[in-house]
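Residue numbers (our numbering): -4 to 118. All C-beta atoms in this analysis are idealised placements derived from N, C-alpha and C, irrespective of residue type, glycine included. Just so we're clear, the structure is a prediction, and the values are computed from it rather than from any experiment. Below is one structure, written out as structure tokens, with a few remarks after it.
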Amino acid sequence: MNKEFEAVQIEDLLALDGEHLNALPFGAIGFAPDAVVTVYNETEAKNAGLRRERVLGKHFFEEIAPCMNNFMVAQRFDDEDKLDQTIPYVLTLRMRPTPVRLRLLKAPEHATRFVLIERRATN
């Protein structure tokens, strides 16, 4: 399986056990069709400063990442049946503005959708 940000697919993410999911070099957040978080890897927990216990079972766009509750991110999951897009983004909630790349993944054959977060190196 390719674990690179641009190449990983939903099937790959769903097949990973917790140890391998946590070893990914980017954040991985999976959520159900109702946006309740079901997957949250250790990389994202460290980068965001939010423990898994605080995130799992919460509404992603309303409780965890309201800065993504907009047409650029949340609305795309509602509007598209299939989604695989990478977009530049700036995270602003509970932190100084942080440039990232988001990868939005959704497939009609899988209930779990994903937001992958790749932090950019700062100079």
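With 16 as the cutoff for other CB atoms within 10 Å, does residue i come out buried or exposed?
i: residue 110; result: buried
i: residue 82; result: exposed
i: residue 10; result: exposed
i: residue 118; result: Reliability of the predicted coordinates at residue 118 is poor, the pLDDT of 40 falling under 50, and no value is obtained from them.
i: residue 65; result: exposed
i: residue 69; result: buried
i: residue 60; result: buried
Find out if the Cβ-Cβ distance for the pair residue i, residue j is shorter than 7 Å.
i: residue 86; j: residue 101; result: no
i: residue 108; j: residue 72; result: yes
i: residue 31; j: residue 54; result: yes
i: residue 22; j: residue 42; result: yes
i: residue 33; j: residue 40; result: no
i: residue 51; j: residue 35; result: yes
i: residue 17; j: residue -1; result: no
i: residue 92; j: residue 115; result: no
i: residue 74; j: residue 103; result: no
Could you have a look at residue i and say whether DSSP puts it in helix, strand or coil?
i: residue 56; result: helix
i: residue 44; result: coil
i: residue 23; result: strand
i: residue 50; result: helix
List in chain order: all unbroken beta strand (DSSP E) runs of 3+ residues lying wholly within the region 61 to 118. Whole beta strand (DSSP E) segments, 3+ residues: 78 to 86, 93 to 101, 108 to 114.
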